[in-house]
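Just below is one structure, and these are the notes that go with it.
Dropping the structure here:
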């Protein structure tokens with residue numbers, strides 16, 4: 001049996017920093033200034049979640065490892081410079097990816113609020129220039145590559161979705177397409193659609 005210990009926090013930061021800095025070389029020069037803070041905040045978030053959100057009988061899936069941390073950056077690296085014109089968009093993208101990896105696995109309001117406040121705290125601590133209200137009150141953080149229907153995967157652009165009405169309309173179109181091809185059609189009346197898309201649309205990532 002071969003046992004390989006996980007890398008230290010500093011080694012993890014060095015590895016991720018090298019990858020992220022290389023990725024940001026295609027963006028505007030000022031993006032480089034947020035590379036180290038994002039990496040440091042990501043590693044700290046992972047460590048804190050791993051130590052403070054422990055598995056219990058009701059939360060047996062609360063097990064986090066370095067693959068989860070890598071997924072945050074895998075998602076962030078999907079964006080193209082043309083779809084990310086400012087550091088603020090990159091920051092929102094990073095928070096979005098961290099939310100998809102960690103927040104979406106949390107099962108109660110207490111843990112979800114813990115995550116949100118932790119992210120806001122880390123953003124302030126590492127000098128990324130945002131507040132809790134900036135991130136979670138006035139804006140739903142939505143990124144995806146599904147807003148332009150009918151494109152081949154290689155033609156899609158991973159981008160921020162800021163128009164919630166258009167997002168809901170696109171998701172309804174996907175639902176209609178599904179019903180045209182499905183044996184068991186999904187039928188939702190208007191109140192059900194509003195409840196489904198109004199509360200859950202921001203966590204949806206459609207792939208085909």
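Residue numbers (UniProt numbering): 1 to 208. Even for Gly, the Cβ is constructed at its ideal location relative to N, Cα and C.
Looking at residue 37 and residue 127, is the spacing between their C-beta atoms short of 8 Å?
-> In this structure, residue 127 sits near residue 37, with a CB-CB distance shorter than 8 Å.
Determine whether the Cβ of residue 62 lies closer than 8 Å to any Cβ atom of chain D.
-> The displayed structure is made up of one protein chain only, and chain D is not part of it.
Count the other C-beta atoms from every protein chain shown that fall within 10 angstroms of the C-beta of residue 98, then say buried if there are 16 or more, exposed otherwise.
-> Flag for residue 98 reads buried.
Would you kindly check if the distance between the Cβ of residue 24 and the Cβ of residue 96 is under 8 Å?
-> Cβ atoms of residue 96 and residue 24: not closer than 8 Å.
Kindly list the residues whose CB is nearer than 6 Å to the CB of residue 84, restricted to its own chain and excluding five residues on each side of it in sequence; keep chain order.
-> Excluding residues within five positions, the ones whose Cβ falls inside 6 Å are 90.
Taking only runs that begin and end inside the stretch 47-108, name each unbroken alpha helix (DSSP H) of 4 or more residues, in chain order.
-> Counting whole runs of 4 or more residues, the stretch 47-108 contains the alpha helix (DSSP H) stretches 66-76 and 87-101.
Can you name, in chain order, every residue of its own chain whose Cβ lies under 6 Å from the Cβ of residue 129, other than the five neighbours on each side?
-> Here the set comprises nothing.
Under the rule that 16 or more other beta-carbon atoms within 10 Å means buried, what is residue 41, buried or exposed?
-> Residue 41 comes out buried.
Could you check where the alpha helix (DSSP H) with residue 22 kicks off and where it finishes?
-> Where residue 22 is concerned, the enclosing alpha helix (DSSP H) stretches over 9-24.
Looking only at its own chain, which residues have a Cβ that is under 7 Å from the Cβ of residue 50, when we skip the five neighbours before and after it?
-> For residue 50, the CB contacts under 7 Å within the same chain, skipping 5 residues up- and downstream, are 64 in chain order.
Per DSSP, residue 223 forms a beta bridge with which residues?
-> As displayed, the chain neither begins before 1 nor continues past 208, which places residue 223 out of reach and without an answer.
Residue 54 to residue 183, Cα distance in whole Å?
-> Near 41 Å, if we compare the C-alpha coordinates of residue 183 and residue 54.
With 16 other Cβ atoms within 10 Å as the buried cut-off, status of residue 46 = It is buried - the Cβ of residue 46 has at least 16 other Cβ atoms within 10 Å.
Run the CB neighbour count on residue 185, radius 10 Å, all protein chains shown included, and call it buried at 16 or more, exposed below.
-> So residue 185 ends up on the exposed side.
Rounded C-alpha distance that separates residue 110 from residue 178 | Rounded to the nearest whole angstrom, the C-alpha separation of residue 110 and residue 178 is 35 Å.
Beta-carbon proximity of residue 78 to residue 158, cut-off 8 Å = Their beta carbons are under 8 Å apart, which means residue 78 touches residue 158 by this criterion.
When you compare only the Cα positions, how much space is there between residue 147 and residue 154?
-> Their backbone Cα atoms lie some 14 Å apart in a straight line.
In the structure shown, what three-state DSSP assignment does residue 117 receive?
-> Per DSSP, reduced to three states, the secondary structure at residue 117 is helical.
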